[in-house]
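Take 15 as the starting number for the sequence shown in this note's numbering and just add one per residue.
No residue lacks a Cβ here, since even glycine has one placed at the ideal position from N, Cα and C.
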Amino acid sequence: QRNAYAKCVYCGVSIARVGDVFDMNAAGTVQAYVNPHGVVHETLTVKCILRQNVLLSGRPCEQDSWFPQYAWTILNCAECYHHLGWRFTATTQLNPKEFWGLRRASVMF
Numbered sequence: 015q016r017n018a019y020a021k022c023v024y025c026g027v028s029i030a031r032v033g034d035v036f037d038m039n040a041a042g043t044v045q046a047y048v049n050p051h052g053v054v055h056e057t058l059t060v061k062c063i064l065r066q067n068v069l070l071s072g073r074p075c076e077q078d079s080w081f082p083q084y085a086w087t088i089l090n091c092a093e094c095y096h097h098l099g100w101r102f103t104a105t106t107q108l109n110p111k112e113f114w115g116l117r118r119a120s121v122m123f
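Shown next as structure tokens:
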């Protein structure tokens, strides 16, 4: 199953390998985060994605980041443009330097 893929729930394009899922914090691989508008996002953290199948939208933003010292950028499906989640990039010397948060509602296995 490590070679299975998380796919866009709307168009089915492969987004990330299941084997690249990892724990960004001690609470596990899927966490519920609330944005400033009160919307809850169950988010799955992955080490890398299939970059040719996604698009980034906007510039990295540190404001309201769920991960201190990481800036987020909106991540969309390159095939259907559905919002998949975010790329998180370190703003200081952190490890990992980047990781991806996929909205659980936007991917299927």
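Here the alpha carbons of residue 106 and residue 95 stand approximately 30 Å from one another. DSSP places residue 53 in the coil class of the three-state scheme, outside both helix and strand.
CA-to-CA, the gap between residue 39 and residue 77 works out to about 20 Å. Contact between residue 102 and residue 32 is absent: CB atoms are separated by about 19 Å, not below the 8 Å threshold.
Separation of the CB atoms of residue 108 and residue 87 is rounded to 16 Å, and the pair is thereby denied contact status at 8 Å. Separation of residue 75 and residue 17 (C-alpha to C-alpha, rounded to the nearest whole angstrom) is 32 Å.
Looking at the DSSP output, residue 31 bridges to 19.
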